[in-house]
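Single-structure report; data block below.
Protein chains in written order, with the working numbering: chain A, 1 to 354; chain B, 355 to 708; chain C, 709 to 1062.
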């Protein structure tokens, strides 16, 4: 795990322009605050430029505009934050998994497992399932019958993928994620709920990451679809027949109800919710804790957060929320009365004549 | 998996009245939009009747009032949506699980497993636990000591049921569900929290479905109770000593705090919350994202959603929420001043006399 | 499991003053309502003192002020609720786990497992991991490479701890908890998200409890830290680089975004949320369903709940939330007009002179 690279080698691999000593050796990434001389740090935002002064980092990654803000060895990049991500990936390669099926794994009849894939102990691969090249299936994972997983997937322990789901290349799925469980489909029949079989699948594109304990339900009739490059944090709930557009990123604890379609390049804040059967345009940003209750046709930023306050202040103010309509009517009545009063003086002289 | 039935055979099994060609063969369910000639579709709501014109379905399920809206072979039912659910179940039987205990399962001493039950590889059945007839325990499930599971249960992979819990017949539990973990019981004692042992159980009736990653905590002293026919979506959290009445349906991500009792036939929207020690009547409907903070004694629909808006509009409006009380006082003051002004003219002549 | 103690023996072990028959034998805890003569109950709040009259409990735990409210055998304690917790722990010892590694467990090279620890079937202990004395690792748990777990931990089935995480003594972790999954770190690079490797750990102190399906992400560069005595309910999401202060208790479904620091002795209600990069002082109480969107510097109670109402009332009132700014401006305009009108009479005589 002690990889190290010269600054020149990093730039050779990842691009960017080196300034200062290109021979300095870097073995890890760290913040400006904590970095030592064998570590590289970064400045993603010029407004924190002052932090450069105090850092003990061996090198830094800077934007063009900050190129002269330090004498430290540095790499100049258009996008220091993304560059930092790439350097970190270079310095922190994932541990190699041993190819092959661990004897403590259970593989169903007809499963097709690429010989470069790695199946851990206690993982269960269903009948007819397909596991692509260099994919790593962690311990306790359960891959359903006839499910298809592409190449270079990394499933951490205890991921469940139900039968028939189809997943592209480069999936990362964290522990406890459940993909393809039944959607919540029930019909009331003479005082009892009866179950609507969920016969669709979950279909996931390439380069998707799914957080711990996130759930994505299979479709009722058609499929639930997660397009390429979607990034899902932990504990997200995606209901049946949702479609999430490419490169949309969703923070933790969000819930998306059935049959809603979300555009591409959206960003959804933590614990937000989106009701069912809605359409959300591309490039929509939704604030944390906001419930979206109707379709959004225009890109832009949307919010619906109740502001917090000291409880005694909140209580004093919140009580009026139950009377807003009355308050609005009283304002209207006041406006009418004022209007009458304002007109009164012109009539008054006449009255006085009487 | 290629079951198929004549329309007449479907009606013979499920009731309803056939109109048009009763010999047409149906092998799958689909939406009006996507169905082909071997598929049956349905119209649950007359307002979408126009969609009938374009469908290429082989047959449709209609309400009495729509019986003449098409010439397609059709089944007329009081409740087309429920009928559709039943046809789908007929056409999509669950795969049979092989009876018996897989050699890769682990069974504790004294466990009583019906010989028609199926226990998958890597499942663990605790000491003294009981598994009823035709129940299917998926891989990686953990059934605690002395837990009792009735007949025809279907536990998908990685369900955990803690010791001593008791579950009726026909349970469906999806992956990651945790039933019977300790309730959140702590007492502050000289600056430290001490744990209150949770010695109650979870007791679940018949015909209950539990979604993926849903958690139901065991009772502190008495039991947590889920009555017959309750349907729980994914990622729901039910705290200790909650009771949920029969045939109540709860959408994803709902949280219900300790010792609350919910009536029967309630419907609770996604991400809603209910505080502890409350009583919710039968037939209560709670909107998504609504927090219920006091008991509800009357059936009906309840909401508490903060409406979303474009962020710049939301910001402009939300700032006043911290001053609602002041706004209300200013309205009151205005009303008093208007009242004074309105009375003023009658006094004015006197003042002028001075 | 049929332990029983004389009242005198309980007081000898746990303190408190016995009044009445100290020889009565107690074998279980129960509520005042349900207790029988072999059970002990408690009164934590004097306002429920009337319930003492009807109880059939064999003994009760009371505060000093209630000492004479009954003739039942009783133990007088400063903190009856905490005392009850301790008695319950005495009467309900956890089942002993057999020390040793079950042959159905999988242990990686170099793992150090104390000989008094218990590793269940289908548990997987990673390479180089350490399991302390008397710790119990349930079935299906996955302990990552080089993770360290202290003494007397109890991991219920299917807990996942990722590589390199460090956990103190006396951890309780419920099923489905995931500790150390990657934080949600992504950087946009030419239209695609690229992953930021999460190279920090999760570091957890002593005496922490973690609820079912709760997730705690590893740090991006530095560690995510949970201090001593923190109590976490189910389905909580703690993002990367969060720090939670000692003895803070958090109810179910709370989400805490990245790099936020929470003080000690805080209490956070169910489904609340805290945005990222904030500071929350010690002894802060946050109401259920409240989103904290800026730092809190002062101890105290904070809320931000939208009050629920019958849906028809809610709808009538909520519509005005989109116009609060306009309402406020109309109030201001009214105030100005009233002011003009009030000043008008004094000017009027002059005007009339013209």
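We treat Cβ as the ideally placed atom computed from N, Cα and C, and that holds for glycine.
Residues of the same chain with a CB within less than 7 Å of the CB of residue 213 of chain A, apart from the 5 flanking positions on each side, are 176, 177, 234 and 235 in chain order. Contact fails between the segment 392–401 of chain B and the segment 456–468 of chain B, because fewer than three Cβ pairs, one in each stretch, are under 8 Å apart. In this structure, DSSP gives residue 309 of chain A an extended state, which the three-state scheme calls strand. Judged by DSSP in its simplified three-state form, residue 195 of chain A adopts strand.
Less than 8 Å separates the beta-carbon of residue 77 of chain A from that of residue 61 of chain A.
Cβ contact annotation for residue 839 of chain C (same chain, cutoff 8 Å, sequence separation greater than five): 819, 820, 821, 822, 825, 827, 833, 845, 851, 857 and 861, in chain order. Looking at the backbone, the Cα of residue 1003 of chain C and that of residue 870 of chain C are separated by about 30 Å. The segment 576–628 of chain B is shown to contain whole beta strand (DSSP E) runs of 3 or more residues at 578–580, in chain order. A straight line joining the alpha-carbon of residue 687 of chain B with that of residue 332 of chain A spans about 15 Å. Annotation for residue 913 of chain C: 876, 935 and 936 place their beta carbon closer than 6 Å to its own, counting only its chain and skipping 5 residues before and after.
Interface flag for residue 37 of chain A against chain C is unset, since no Cβ pair is found closer than 8 Å. The three-state reading of DSSP puts residue 324 of chain A in helix, counting H, G and I together.
Here residue 139 of chain A is buried, its C-beta having at least 16 other C-beta atoms within 10 Å. For a Cβ distance threshold of 8 Å, residue set 664 and 665 of chain B lies close to residue 300 of chain A, ordered along the chain. Close partners of residue 287 of chain A in chain B (Cβ separation under 7 Å): 665. Contact holds between the segment 952–970 of chain C and the segment 595–611 of chain B, because three or more Cβ pairs, one in each stretch, are under 8 Å apart.
Spatial neighbours of residue 159 of chain A in its own chain (CB-CB distance under 6 Å, excluding positions within 5 residues in sequence) are listed in chain order as 141, 173 and 177. Rounded to the nearest angstrom, the gap between the Cα atoms of residue 637 of chain B and residue 599 of chain B is 10 Å. Bridge partners of residue 383 of chain B according to DSSP: B:394. For residue 971 of chain C, the CB contacts under 6 Å within the same chain, skipping 5 residues up- and downstream, are 953, 988, 989 and 990 in chain order.
Collapsing the DSSP output to three states places residue 656 of chain B in a strand.
At a C-beta separation below 8 Å, residue 900 of chain C has these neighbours in chain A: 207, 229 and 247.
At a Cβ-Cβ threshold of 8 Å, residue 260 of chain A and residue 242 of chain A count as neighbours. Following the DSSP letters along the chain, one finds residue 82 of chain A inside the alpha helix (DSSP H) bounded by residues 80–91.
By the Cβ neighbour-count rule, residue 73 of chain A is buried, with 16 or more other Cβ atoms within 10 Å of its own. Taking all protein chains in view, the Cβ of residue 2 of chain A is surrounded by fewer than 16 other Cβ atoms within 10 Å, so the residue is classified as exposed. Judged by their CB atoms, residue 744 of chain C and residue 764 of chain C are nearer to each other than the 8 Å cut-off. Per DSSP, the unbroken beta strand (DSSP E) holding residue 888 of chain C starts and ends at 886–889.
Residue 307 of chain A and residue 1000 of chain C have their alpha carbons spaced roughly 8 Å apart. Your pair residue 287 of chain A and residue 665 of chain B checks out as a contact, with CB atoms roughly 7 Å apart and the cut at 8 Å.
Straight through space, the alpha carbons of residue 417 of chain B and residue 518 of chain B are spaced by roughly 46 Å. Setting aside the 5 residues that flank it on each side, residue 378 of chain B is surrounded in the same chain by 361, 412, 413 and 427, each with a C-beta closer than 6 Å to its C-beta; the list follows chain order. Counting along the chain, residue 722 of chain C sits inside the alpha helix (DSSP H) bounded by residues 715–722. The beta carbon of residue 938 of chain C sits closer than 6 Å to the beta carbons of 916, 952 and 956 from its chain, once the five residues preceding and following it are set aside; these are given in chain order. Taking a Cβ-Cβ cut-off of 7 Å, residue 575 of chain B has no neighbours in chain A, whose nearest Cβ is about 29 Å from it.
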